[in-house]
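Undergrad: Submitted below is the structure of interest, expressed as structure tokens.
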Amino acid sequence: METIAFRMALNPGMREEYARRHREIWPELVDALHEAGVHDYRIFLDEASGALFAVLTRTDHHTMDALPDLPVMRKWWDMMADIMQTAHDRTPFQQPLVPVFELPARQPLTR
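In this text, residue positions in the sequence shown follow the working numbering: the first is 372, and each later residue adds one.
In structure tokens, the structure reads:
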């Protein structure tokens with residue numbers, strides 16, 4: 372398993388709409404993400420800047436690179452394009468984040 376993180380950008384004033392759309396995420400998109408090996412996907416918002424920070428865990432043999440080719444993924448991005456910053460093909464701008472710290476696992480107490 373691998374954990375990755377990336378930054379996206381929400382357009383001003385779109386917090387509630389972004390949250391609403393994600394509350395109503397399509398089951399077929401959830402299935403596609405799971406089938407691609409995505410687990411524990413979370414998105415956080417910095418309300419001051421509009422920056423979205425996504426963190427997800429994926430399997431070692433994930434197929435996330437194939438997600439942009441799926442009609443359900445393209446349809447989702449088309450729907451989201453009016454509320455976030457996207458490229459000309461409507462894919463969200465994504466800036467990978469570099470890991471700089473990980474809390475070490477707790478060592479068992481020895482006596």
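Glycine is no exception: its CB is placed at the ideal position from the N, C-alpha and C atoms.
Starting from the C-beta of residue 463, find all residues in its chain whose C-beta is less than 6 angstroms away, skip the five residues before and the five after it, and write them out in chain order.
TA: 379, 455 and 457.
Undergrad: Taking the CB atoms as reference points, tell me whether residue 413 and residue 401 lie closer together than 9 angstroms.
TA: Result no, Cβ atoms of residue 413 and residue 401 do not sit closer than 9 angstroms.
Undergrad: Grab me the residues of residue 372's own chain with a C-beta within less than 8 angstroms of its C-beta, minus the 5 sequence neighbours each way, in chain order.
TA: So the list reads 410, 428, 429, 430 and 431, once near-sequence residues are dropped.
Undergrad: Just reading off the beta strand (DSSP E) that residue 452 is part of, what are its end residues?
TA: Run containing residue 452: none; DSSP gives neither H nor E here.
Undergrad: My output table needs one value for residue 442: the three-state DSSP class, helix, strand or coil.
TA: Three-state result, residue 442: helix.
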